[in-house]
Each structure stands twice: as C-alpha cells, then as structure tokens.
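Participant:
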Amino acid sequence: MTKELPKAYDFKSTEARVYAMWEKGGYFKPWNDPNQPDFDPTVEPFVISIPPPNVTGELHIGHAMFVSIEDLMIRYHRMKGYSTLWVPGTDHAGIATQLMVERDLLKNEEVTREEIGREEFIKRTWEWKRKYGGMITNQIRRLGASCDWERERFTLDDGLSRAVREAFVTLYEKGLIYRGPRLINWSPGLKTAVSDLEVEYSEEQATLYYFKYKLKDSDEFIPVATIRPETILGDTAVAVHPNDDRYKKYIGKTVIVPMMGREIPVIADEYVSMEFGTGALKITPGHDPNDYDIAQRHHLPVISVLDEAARINENGGQYKGQDRFDARKNLWADMKKAGLVIKTEPYLTTIPRSQRGGEIVEPMISTQWFVKIEPLAKAALEAVRDGRIKIVPERFEKVYFNWLENIKDWCISRQLWWGHRIPVWYCPNGHMTVAREDPIQCAACGAKELHQDEDVLDTWFSSGLWPFSTLGWPDETPDYKYFYPTSYMETGYDILFFWVARMIMSGLEYTGKAPFHTVYLHGLVRDEMGQKISKTKGNVVDPLILMDEFGTDALRFTILVGSTPGNDTNVGPKKVEANRNFANKLWNVGRFVINAIDSLQTAPQLGDYTLADSWIWARLQQLVRDVERLFQTFQYGEAGRQIYEFIWSDFADWYVEIAKQELSEGGARAARAADTLARVLDMSLRLLHPFTPFVTEELWDHLRQVVLDSPLKDLANGWPEVLIVARWPEPREVEDWEESKVTDFSLMQEIIRSIRNLRAEKNVAPSKRIAATIVAGDKTNLLKEQSATIASLAGLDLSQLTILESLKKKPEEPLQDASRSAVLVVGSTEIYLPLAGMVDLSNERARLEKELKEAQSQVERLEKLLGSDFANKAPEAVVAKEREKLAAFKETAEKLKVQLEAK
RNA sequence: GGGCGCAUAGCUCAGUUGGUUAGAGCGUCUCUCUUACACAGAGAAGGUCAGGGGUUCGAGUCCCUUUGCGCCCACCA
20 MTKELPKAYD FKSTEARVYA MWEKGGYFKP WNDPNQPDFD PTVEPFVISI PPPNVTGELH
80 IGHAMFVSIE DLMIRYHRMK GYSTLWVPGT DHAGIATQLM VERDLLKNEE VTREEIGREE
140 FIKRTWEWKR KYGGMITNQI RRLGASCDWE RERFTLDDGL SRAVREAFVT LYEKGLIYRG
200 PRLINWSPGL KTAVSDLEVE YSEEQATLYY FKYKLKDSDE FIPVATIRPE TILGDTAVAV
260 HPNDDRYKKY IGKTVIVPMM GREIPVIADE YVSMEFGTGA LKITPGHDPN DYDIAQRHHL
320 PVISVLDEAA RINENGGQYK GQDRFDARKN LWADMKKAGL VIKTEPYLTT IPRSQRGGEI
380 VEPMISTQWF VKIEPLAKAA LEAVRDGRIK IVPERFEKVY FNWLENIKDW CISRQLWWGH
440 RIPVWYCPNG HMTVAREDPI QCAACGAKEL HQDEDVLDTW FSSGLWPFST LGWPDETPDY
500 KYFYPTSYME TGYDILFFWV ARMIMSGLEY TGKAPFHTVY LHGLVRDEMG QKISKTKGNV
560 VDPLILMDEF GTDALRFTIL VGSTPGNDTN VGPKKVEANR NFANKLWNVG RFVINAIDSL
620 QTAPQLGDYT LADSWIWARL QQLVRDVERL FQTFQYGEAG RQIYEFIWSD FADWYVEIAK
680 QELSEGGARA ARAADTLARV LDMSLRLLHP FTPFVTEELW DHLRQVVLDS PLKDLANGWP
740 EVLIVARWPE PREVEDWEES KVTDFSLMQE IIRSIRNLRA EKNVAPSKRI AATIVAGDKT
800 NLLKEQSATI ASLAGLDLSQ LTILESLKKK PEEPLQDASR SAVLVVGSTE IYLPLAGMVD
860 LSNERARLEK ELKEAQSQVE RLEKLLGSDF ANKAPEAVVA KEREKLAAFK ETAEKLKVQL
920 EAK
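Mapped onto my numbering, the consecutive letters of the first sequence carry residue numbers 20 to 922.
1. Short of 6 Å in beta carbon distance, which residues of its chain neighbour L565, apart from the five on each side in sequence? Order them along the chain.
2. Could you say which of V324, I361 and D288 lies nearest to D964 if we only look at CA atoms?
3. Which residue or residues does DSSP assign as beta-bridge partners of W388?
4. Would DSSP call S887 helix, strand or coil?
5. Closer than 6 Å by C-beta to W931: which residues in its own chain qualify, once you throw out the five before and the five after it? Chain order, please.
6. Using the Cα positions of S214 and V62, report the straight-line distance between them to the nearest angstrom.
7. Check whether the Cβ of V86 lies closer than 8 Å to any heavy atom of the ligand COA, and answer yes or no.
8. Going by DSSP in three states, K781 sits in which element: helix, strand or coil?
9. Quick one: what's got a C-beta closer than 7 Å to V519's C-beta in the same chain, skipping five residues either side?
10. Determine the direct distance from the alpha carbon of P107 to that of T303, and round the result to whole angstroms.
11. When burial is assigned at 16 or more other CB atoms within 10 Å of the CB, is D816 buried or exposed?
12. Is the number of C-beta pairs between the stretch 358-367 and the stretch 229-238 that are closer than 8 Å three or more?
13. Go through its chain and collect everything with a Cβ distance to I822's Cβ below 7 Å, but skip five positions before and after it.
14. Suppose you measure from the CA of Q641 to the CA of L706; what does that come to, to the nearest Å?
15. Starting from the Cα of E473, find the closest Cα among W634, R788, R440 and I774 and give me that residue.
16. Where A912 and A678 are concerned, what is the direct C-alpha to C-alpha distance, given to the nearest angstrom?
17. From W388, F415, K914 and L476, pick the residue whose C-alpha is nearest to that of L400; which is it?
18. Taking all protein chains shown into account, decide if A346 is buried (16 or more other Cβ within 10 angstroms of its Cβ) or exposed.
19. In or out: E424 buried (at least 16 other Cβ within 10 Å) or exposed?
20. Using the three-state DSSP reduction, which class does N127 fall into: helix, strand or coil?
21. Please say whether I392 and D353 have beta carbons closer to each other than 9 Å?
22. Below 7 Å CB to CB, which residues in the same chain sit around R36 once its five sequence neighbours on both sides are set aside?
23. Out of curiosity, what's the CA-to-CA distance linking A906 and L630?
24. Express the C-alpha separation of T103 and D617 in angstroms, rounding to a whole number.
25. Give a yes or no on whether the C-beta atoms belonging to V580 and R660 are separated by under 9 Å.
26. Quick check on F665: does DSSP put it in helix, strand or coil?
27. Under 8 Å, with one C-beta from each stretch per pair, do the stretch 88-97 and the stretch 171-191 reach the 3-pair mark?
28. Would you call the stretch 549-562 and the stretch 687-698 in contact, with 3 or more CB pairs under 8 Å?
29. From this set, E77, A813, T489 and D307, which residue's C-alpha is nearest I67's C-alpha?
30. Assuming R372 is part of the beta strand (DSSP E), what are its boundary residues?
31. Pull the bridge partners of W205 from the DSSP assignment, please.
32. Among V761, S482, W205 and Q624, whose alpha-carbon lies nearest the alpha-carbon of V380?
33. Within 10 angstroms of its Cβ, does Q224 collect 16 or more other Cβ (buried), or is it exposed?
34. Per DSSP, which one or two residues make a beta bridge with T144?
35. So the beta strand (DSSP E) L817 belongs to, where does it begin and stop?
36. Just to confirm my understanding: we take F389, look at its own chain, exclude 5 residues before and 5 after, and list those with CB closer than 6 Å. What are they?
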C-alpha cells in the first residue's frame, strides 16, 4: 500500500522538490554530449538559445511566456529522443542596467556616476550584477525551465566578450565598420546616441510657429513654419519648390537668419511640398534628417547648435547655455519684438522619444561607429526568402522583408560605461589600432601611449551573437560543432528587428550559417481584459503571485493554451485558477487510478476488451495523432486544449466512471480495467508533460510505484507517438476501427445522457434507481453487453433493465404501456421508463410532440440538402454521412409518431 | 502615407487543407457532499460567427467592400 495521496494536488510541496530532482538527476543535460567519450555525432540535436533576460531584471509575465513555450518545445523533443540543449543565460542590458545602478547610487550615496568615475562605477555595476544576477535565473527555474544550467552564459563573460571583439574586428577588417560624424538620434537625458529602433514616435499636440525669413536688403520676406523654433539658430538655407510661383523669384537670393544675422541662400528642391505649410522650408542640416539630406545635395554647411545635454551651444549666439525649450521660448519672444513673427497654431504631430528614458530625442551630428548594413541585410533577406529560415507565423516574413529592404546603417556606439568597450585604440599621433587583444603599442607608429575608445557597443551587438557565442564561438569547441546551428529561435514579435534580424545577419556573416532554421514568434501578454500591461496603469500581471496562488503548471497551461503564434493573449487570475482546477482534476484521476491498482488483488492485466476499453483507446490514438500534427505545425494551444478535453471529458467523466463498475466486480474484469486505466493515464501524463511538467512528473512517479512490472520508459524520455505501437498489446492503426468504436460508444453515451436528462427534467431523485426497457433492434447485443454500465451511469436498476430486439416479440412486457411510461427515442433505439407514480405524465405528449417536431425539421432539412446539387457534387463520403443522418432522423420521427398515437 | 492583426455565447477566447445542428473556460439557472476530485458531478439556458456583396452543391473558414478597435513601419516642415 502506497502512502495516501493528498486529496488536492499540493503544488507547493511538489514543485521545488521535483525541480531539484530533475536538476540533480541531470535531466536537463543533452543525453548525447560532445564533451563525453561516448558521444555519437550522428544523433540529431535539438537546440534553443534562451532569449537572455536582463541580468538584473525581475521575472515578468513576458518571461513566463517564453519560458513556457520554449520549455514545451524542449521537453517535447527530449521525449521524442532528440539530444536536446536549452542554453540559458542573461544579458548585461547596457542602458537599462546602468540606469538602475545610477539611480541606486544617487539614492543611497547621493553621487553621480561621473563623480565616482568610470572604473569605480563599473566595479559597482558588477557588484550589483552579483547581487541581483541570480534572481532572474532562479525565478526562471521556478517556471520549470529545463535548461542546462551548467552551460549558463552572460553577455559580459570573458568568452562572450571575446566573441564580441572577434565580430567587431572581423567586420572592421572587411570594411563593414566605419566611424564618422553623422546625423544620429541623441538622447539628451542619457547622453548617448541611440539607434533608430530605440526611438519611439508618439502623436502629440505641438505648436506650429510661423515666422518671416527676411530677404537681404529688402522688406520682402518668405513665410516659414517650424515646430522647433530653436533650430532656426542652425539654419543654413531656406528651400522652396522649383515650380512654386510664389517663391520662384527668390531662388538664389539671400535671406537673413532671425536674431543671428547670418546670411543664407534660398534654394530650390523638389522635396519641398508646395501644399504644406507655407510652402517654404527652413533647412537645419544639423538637427533634421531630411534637411541633412537636402544639405548634402546642395553642399550646404552643417551647423550644430545643441550640446550633449541639448542646451544651445556656442553656435547659438546669445542663447548659448539655454536649455532647448527655454531657448525656444526666448528666441520666439525676441523674434516677436523684432516683428518677425506671423502666428502660431496648435498642431498634431509625431514626436520622437527615447524608448528608454522617454524624453524627446534630438537628431544631432555626432561622431559614432556604424555597421554598413546593406551586405548583411541582403544575406539575411536571402536566408528567409530561400527557406533556410522559416518564420512562424508566416506573415511576419513580410514584415521582416520590409524592414531589411529599407534598413539604414546601424549606429553601434553608445556613450555609456556598462558594456563591451569598443576594441579600438588611439595613439597620440592620431593612428587607430583595431585589435582582438589589447594592444601594447600603436599598430602604425609603435607609440606606447594608447587610449582606448571611450564608447561601448550597443547591447544588441553582443546579443546578436548569442546563438553561437554561447556555444564557444569563435573557437571550434565541441559544443559549437555539434549544437550549432541551433534549431528554433523562440521570442516575441516585438524584438523581431532588434534581435532576431540581427542574429540572422550576424550568424550568416560570422559563422556562414543561419543560426536557426525556425523562428517562432509569440505575442504579447495582456491583462484579463485585453488591456496592455503597464506599471502606471497598475494592471501588472505578476507571474510570481500567480504561481504562488495557483501553481506553476496552472500558469504555464494558461499561457500555452491561450496563445496562438504571433497573437497577443490575455492572462489573468481567473484563467489560471481554472487551470489550477485542471491540474487538480488530473491529480485526482491519477489518485483514483493509483489507488485502484494498489488495492487490486492481482496485477493489472489485459483481458478481453470491453467497448469502453476500445473506445478510450481509440480516442487516445486519435488524440496522439492530432497532438503530433498540431505540434508539428506549432499549434501548441490547440494541442493543449485537446488533451484537456480528452482527460477531463473522455477519460475522467466516462472511462473512469465505467471503470468503477468494472473494478467493483473484481477478478479479471477489474484487472483489465486497471490495466487500461494505467496505460491511458500514463499516455495522458506524457502528452501533458511538456505543458505541466510538475504534476505529471509527480503522478507518474507514483504510478510507476504501483505498476511494478511495467515496461514504461521514463516519462521524460517517451513520447506517446513513439510508444503507442510498442506499448499497446494490440496496436490499432486502422481509423475505421476507431470510428466504429467511437460510434458505438456514442450511442451508449446518448442513451445515458437522454435518461439523465429526463430524470432531471422530471425531478427524479438522483438516488432513485428506476426500471427501464430498451428496444434496441440491431444494437441489442451491443447494448446488452453494456447493460451494467448503462444501469450504473444512468441510475437504473440493473435487475429491472430489459434490453429487447423488438417489442413485438414480447407483447406481454408491461413496460410497453405507453400511458404509464415516458419514452425516449435515441437513434434507432427506444427507451421506456415507467415513471408513473413518480411524476405526472400528463405533459408527456407535449414533450414527445416537441421532439417529433425537431426530428421532422431535421428530416426536412436533410431531404432538401440531399435533393440539391450537394448529392451530385460533394464527395461521396460526405454525402453518405448525411444520408445516414437522414435515415436516423426518419426512424426517430417514425418512432415518435407511433408513440404519440399510443398516447 | 504604407502594411498587418482583431471583430464568434453576458465576459475572455478556441475553431489552419471550406463539409452542412459552431466549442471551451468563467459567469447564470436546477439538482447532488454518488468512498478520485465541491478546485467536483449531472442537467439546462445562452450565438442571424461586426454589416454588405461575391465564389461554391456547401462559407465562421476563401475573395471584395464598409464600419469599429488595436499594432507595426514611414523624413512632410
């Protein structure tokens, strides 16, 4: 006798213990390890690199999303026999982490990073990392992630840093990295350049300022409008459309920059829209990308008027030192006094803001490092176009193409301290040394006084190398050779450009291979009402709280079942609670099966199948096939739903209920029922394991203890599709067989349901066992075999249950007295229930009439259908199915008519 | 300005080669503590699948269109 299992699944006492067991048992490690002597290079690996979370981050629902999906992918493949590796790790997340540490310093020590200096600051950040760095990975463990933790990596590890240098220098040597002054997005708050992707545009109410550009030596002026008047200080031209009759005459003339007195030309450029604004455009090449382009075309000078904090610099004359917004106000006031102002009006426009800090980003000229992206993008496009990489769902391929086709050079330098410092050194003679190892002297002149570039690389530069840098690249390590390229890349669609595209470009460029063959993009998690989750809105869905309350399996199942590829999904406590209930349901089914086997006199063994055995097995086989197909097409949610349905509606509600009857009979029948229970439970646990690993593992462990002579392979190593033929004594692969079992069983279900329905309708006490006569025609033998089951599930008195082929043969049968019985018609069977004395039968006629009407309308519908072109044009099988239905309804209607006449 | 997604039961959503009575969970109503489970069981109510048009023997599913919501990309001051 095993120890009594608790009545409700206790995830709290299970999860940590089971996880520790897995980790200690080495279940997360690839079984075929290239670093071991028994390594077999012909075995196919299955590999996923984790999207590395911010090293100092805290678990949020997005992490729960990707961990759930990736763990499912990994466990599924592991069960199928692949040598699976899930590489875990964390990202140093340059800006995010630096900001956190800066904030902390300011709060606790009231110092800025500038005050403590670079070296000290980096030291502090590493301390911070050591302090909080383990938190996120422990939280990921709580989710059940079966990562190989011995292969955990961090983007600032020595190995990965070496990979970064290798990548940078390689690109540089190929001429694909350059440095120079360009117009970039500058974040005045963070005081660093940011890439185009890190700028977000929000529609906001702004003001459009109209003013006069005075012509030199004249009272005439050209009206111009701008949203940022302070940029007037950096204007180097006024542009009009060459065909604009209003301004044609001014082309080539000179105008005066307000308050600056600088003389600038009026130029003609097709870019200017005659319809928009005043039709004249001020050109500020130093602070506007369009103006910059125009300036290039017309060889105009570029004037920068802002400093790194977005204050006006020395080129702004009297406004020097003023904040950009103060300068805007002051300049405008001065212009007003000078009579240069026309008007202002409110204007809705898109404002560029920093994704991180939220402040307005300023386009600025700055010397930065860039990657010449075009050749990389071309290769990345090709890899998806020719199918080496598949994106799921497919529609994102279009998005991917569109982005790469219009991509601009990537600004990779950041004016931060936390990150990979750019491997470039300068000597006093102005030479540049770009090297993989820290140089001791200048490569050009041998000078010893070298100074490394102050900037660090964009975080995404290093995460772009993630799939291969984590496996040892640039070294040809055993891991790299065996596990690279990886298999799936699973992540959110929101970082398709940031990360996925860059990994593809990097992978192709540095390793010559696509870093993965499949990209699976999941959607974003929203709250229960479908609202976007935000801290300010206060609708944060905290996975830790949900796990505390309902268990990890419940959270995982909710996420997995609720999500379809690429679509957002809503998660909230109600759903998780429902799935906690499912875990509990499974637990109790398992408890029942285990106790049943345990209290059995003999070991479970196979005997003659009953209909229920065959049926549940047929359903299971159908399920396994469906789940397999759904997994292959990435429809994990649908697969989960079907498993749920099977376990709850088929196995628990029907088979287990029937098995109770069988078990109570003891002997061979009980042994056989127990055998089926054990096998179906085993398979169910396997199917569900990738979704809800903890409860399935725990139950399977108990199951194994009572099924001692079982040939069961370990849960983690046996996927039903592989086992199903081997595991079942009489493998059934014929779908017709399944169909017929399901059909037969359905008839029985219908009979039982209709009796239950009538009982409920007539308020027959649930405990009251009633008599019944079933007239079953050609189903007589089938139903006779099931009489005990029907009796027990429908609340009939078995000793008073009669199953006849037809009434005529037994005219003396008293139950045919229609006036004293309720009659049910289910397909070709009639069920007589003698309810006289228990309930009022006066409204029986009305009930029968209603049913007859329903049956007749179905007959009508089907006759119409079969009389139409449908019969000729639809496939034979489909038509046949409808014909069968028609026949059944006709029979039902006939029988109901007869019954009505008898009333 | 381009592109994409969504609109199905009171609520949140499934429904992927078009097959003819559209499903689940939650919520609602009735009954039941039947020794696996009240985190449960049995039964019930509830939908012209956003509107319109088309293709087809057949459309929630494919095409066109309208409306509403959401997202992504984009240099109109």
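C-beta atoms are modelled at their ideal positions from N, C-alpha and C, and glycine is treated no differently. Keep in mind it's a predicted model, so treat the numbers as computed, not measured.
Facilitator: According to the structure data:
1. Cβ-Cβ distances below 6 Å link L565 to L574 and V595 in the same chain, with the five nearest sequence neighbours on each side left out; the list follows chain order.
2. Absent from the structure is residue 964, since the part of the chain shown begins at 20 and ends at 922.
3. R198
4. coil
5. Residue 931 lies beyond the range of the chain shown here (20 to 922); nothing can be said about it.
6. 42 Å
7. In the structure shown, the ligand COA is absent, as is every other ligand, since no ligand is present at all.
8. coil
9. M508, T510 and V538
10. The C-alpha of P107 is placed about 48 Å away from the C-alpha of T303.
11. exposed
12. yes
13. I793, A795, T799, L802, K803 and S806, listed in sequence order.
14. Spanning the two alpha carbons is a distance of roughly 13 Å.
15. The residue among W634, R788, R440 and I774 with its C-alpha nearest the C-alpha of E473 is R440.
16. 35 Å
17. F415
18. buried
19. exposed
20. helix
21. no
22. none
23. 25 Å
24. Those two C-alpha atoms are separated by around 35 Å.
25. yes
26. helix
27. no
28. no
29. T489
30. V360 to S373
31. Answer is A212 and E381.
32. W205
33. exposed
34. In DSSP, T144 forms no bridge with anything.
35. Secondary structure note for L817: its beta strand (DSSP E) is the uninterrupted segment L815 to L823.
36. Y197, D428 and C430
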